[in-house]
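Okay, structure first, notes after.
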Amino acid sequence: MKTFFNKIIFGLFLLFFTFNSKGQEIEHFNYNISLNSGISSYETLPFWLVSNRYGSVPNSNFGALNASIFSNLKKPTKNFGIAYKASATGFIANENTTTGYIADKNSVFINELYVRLQYKNWALDLGNRNGEIKWEGLSSSNGNIVKSINARAYPGFNIKTLEYLKLPFAKNWLSFQLNFANYWLNDERSVDKANLHHSSLFFKFKLNPKFELIAGIDHYAQWGGTSDIAGEQPDSFKDFIRIVLGKSGGSNSSESDQLNALGNHLGAYLFQMNYSGDHTHINFYYSHPFEDGSGMELQNWMDGLYGLMIDLKQPEAPISHILTEFTYTKNMSGANPPDQGYDENGNKIHGRGLDNYFNNGVYTSGWTYFGHTIGSPYFTTKPVDENGITQGVIIGDNRFMAFNVGIKGTFKPITYKAMLSHVTYFGWFNNEYDSKPKQFSGLLEINLPEKSNRVPFNISASVSFDTGTYAPVNFGGFITLSKNGFF
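Following the UniProt record's numbering, the numbering of the sequence shown begins with 1 at its first residue and continues without gaps.
Set out below in structure tokens:
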């Protein structure tokens, strides 16, 4: 199956270079070069200096060089466009003996390497491309509890709409947005060479010129690969169709996958309300996680990420944006185990509970990539084992309650953002933590653009802290010097 997808992507890359060579001549390459350094009072960095940075910051004192080249969208024809980017990071870091995936040695890795082919309002991305930063970078999980900007981008293909497209029969009141993707998880993990399917569908209802509603589903599934415990997992094209449709596995799959759904499925429902006034934009959003049928049927309805964003429509004011969030994951569809043995007739009894977010019995590296949680960074990963393999999310630490407040503004020529979060971890159902460990984490980030200062580069500086009973008290700083240009 993977060979089939590889042939498709290789052919599309050839198509891109053929199109690009016959189209308009490239006028120039854009580039960005940045020097980064992070330092702290402890051997790890504070929470907000590592989290939501696309997995590019090692969790220890470090120095790094990032370089990227990229193009603006080129349009050889009226409806067709091409864009690309290549970005890599090299760093020198202190050894981190506590946690972390990439901070135990010096390293060079690829951040992004992709080609985008665009036709009207549709796009095909080939390679690994970072997701868009939403809610002005103030959200604890980028507005989506299962897909933040906390981990690196994974390689593969993604077909998507670039904006909401109107349905012809609905005039202006109903539009949709979707994507269909398959990726490869190429880090060190318990199931080697696993696939990741992603599809989403959202509808926007425009109630009047000021109000609109958005509702939809974001679906992911880990599938295929070779498990160090369960052996080779089904990965034929027929199995891929089962994954896309959420169907049970065939005779070559495990008993559990034959009874339930093939692979490790998870995702989120998204509900969003938008108000656009003359002087204020207000957005309320709710991202509800599911791991199985009980979550999809909202048995765990109270779990999720709740957010409120206020845009004061004054981008150069001292306070231009205010965000507040609440994240809750204690319910997990209740304490009834999913496997409750057999009845008197020998039929298996299935319970509905103990959802154990971001963990799985076969895909035991869980909802992680290169040691970082793919979803909300409040979900803490276990340390890697002696082979460098992530062991998933800490059971018990995935039951928590968290608050986050963020503001953004400008004091010319400086822009800033500030975040303050508090999280309480409860432990597992039958073994809750007596002390209920808590953590406060704060961040202040300021940015001074090149055109506003006397030095020929952009300056970004951050200070951050952790305090509480969950993680060690820690204080740290982060500085970035960057230069944009073209050649």
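All C-beta atoms in this analysis are idealised placements derived from N, C-alpha and C, irrespective of residue type, glycine included.
Boundaries (first-last residue) of the beta strand (DSSP E) holding residue i
i: Glu-112; result: 107 to 119
i: Val-405; result: 400 to 411
i: Leu-124; result: 122 to 128
i: Leu-298; result: Segment: none, Leu-298 is in no beta strand (DSSP E) and carries neither H nor E.
i: Leu-312; result: It is not in any beta strand (DSSP E) - Leu-312 carries neither H nor E in the DSSP assignment.
For residue i, the first and last residue of its enclosing alpha helix (DSSP H)
i: Leu-207; result: Careful: Leu-207 lies outside any alpha helix (DSSP H) and carries neither H nor E.
i: Glu-255; result: 255 to 259
6 Å CB neighbourhood of residue i in its chain, flanking five on each side removed
i: Tyr-220; result: His-198, Leu-266, Gly-267
i: Ser-287; result: Asn-144, Ile-145, Ala-268, Leu-270, Gly-304, Leu-305
i: Ile-414; result: Ile-446, Leu-448
i: Tyr-84; result: Ser-71, Val-115
i: Gly-55; result: Ala-151, Arg-152, Phe-370, His-372
i: Gly-38; result: Leu-45, Leu-49, Phe-62, Phe-478
i: Lys-22; result: Residue placement at Lys-22 is poorly supported in this model, since its pLDDT is 49, which falls under 50; the coordinates still yield a value, given next. Within the same chain, Lys-22 has no close Cβ partners at all.
i: Ala-86; result: Ile-69, Leu-113
i: Lys-483; result: Ile-33, Phe-457
i: Asn-359; result: Gly-366, Gly-392, Val-393
i: Pro-168; result: none
Opposing strand residues paired with residue i [DSSP bridges]
i: Asn-52; result: Answer is none; Asn-52 lacks a bridge partner.
i: His-197; result: Asn-182, Ala-221
i: Ile-69; result: Tyr-31, Ala-86
i: residue 489; result: Because the chain here runs from 1 to 487, residue 489 falls outside it and cannot be looked at.
i: Tyr-306; result: Tyr-286, Phe-326
i: Gly-156; result: Gly-127, Tyr-183
i: Ala-471; result: In the DSSP output, where bridge partners are listed per residue, Ala-471 has none listed.
i: Thr-480; result: Asn-36, Ser-460
i: Ser-365; result: Bridge partners of Ser-365: none, in fact.
i: Lys-74; result: Ile-82
i: Ala-215; result: Phe-203, Phe-271
i: Val-393; result: Thr-381
i: Phe-91; result: Ala-64, Ser-107
i: Val-191; result: Ser-227
i: residue 488; result: In this structure the chain extends from 1 to 487, so residue 488 is not present and cannot be described.
i: Gly-485; result: Tyr-31
i: Thr-373; result: Thr-368
i: Thr-44; result: None, per the DSSP bridge assignment.
Same chain only: Cβ atoms within 8 Å of residue i, ignoring 5 sequence neighbours per side
i: Ala-194; result: Trp-184, Leu-185, Gln-222, Trp-223, Gly-224, Gly-225, Gln-233, Tyr-363
i: Lys-438; result: His-422, Val-423, Thr-424, Tyr-425, Gly-468, Thr-469, Tyr-470
i: Gly-131; result: Asn-142, Lys-147, Ile-149, Ala-153
i: Ser-251; result: Gln-258
i: Glu-163; result: Asn-121, Gln-177
i: Phe-205; result: Trp-173, Leu-174, Glu-212, Leu-213, Ile-214, Ala-215
Residue i and residue j closer than 9 Å at C-beta
i: Thr-469; j: Asn-404; result: no
i: Phe-475; j: Pro-46; result: yes
i: Met-273; j: Leu-138; result: no
i: Leu-448; j: Ala-418; result: no
i: residue 500; j: Ile-217; result: Nothing can be reported for residue 500, as the shown portion of the chain is limited to 1 through 487.
i: Ser-34; j: Leu-65; result: yes
i: Ser-365; j: Thr-390; result: yes
i: Thr-161; j: Ala-123; result: yes
i: Asn-36; j: Ile-479; result: yes
i: Ser-462; j: Gly-477; result: yes
i: Thr-381; j: Gly-388; result: no
i: Tyr-357; j: Glu-316; result: no
i: Gly-406; j: Ile-319; result: no
i: Ser-68; j: Asn-111; result: yes
i: Asn-179; j: Gly-156; result: no
i: residue 512; j: Phe-29; result: The first residue shown for the chain is 1 and the last is 487, placing residue 512 beyond what the model contains.
i: Leu-428; j: Ile-395; result: The sequence given here places Trp at residue 428; Leu does not occur at that position. Taking 9 Å as the Cβ cut-off, Trp-428 and Ile-395 qualify as a contacting pair.
i: Ser-254; j: Pro-209; result: no
i: residue 492; j: Asp-397; result: The first residue shown for the chain is 1 and the last is 487, placing residue 492 beyond what the model contains.
Neighbourhood of residue i by C-beta, 7 Å cutoff - its chain only, sequence neighbours within 5 removed
i: Gly-485; result: Tyr-31
i: Val-473; result: Asp-466, Thr-467
i: Asn-79; result: Tyr-119, Lys-120
i: Ala-261; result: Gly-246, Lys-247, Ser-248
i: Leu-207; result: Leu-213
Exercise for the section: At 4 residues or longer, and completely inside the region 405 to 468: list those alpha helix (DSSP H) runs for me, N to C. Expected result: none
Exercise for the section: Starting from the N-terminal side, write out each stretch of the beta strand (DSSP E) that is 3 residues or longer and does not extend beyond the region 262 to 295. Expected result: 264 to 276, 281 to 290
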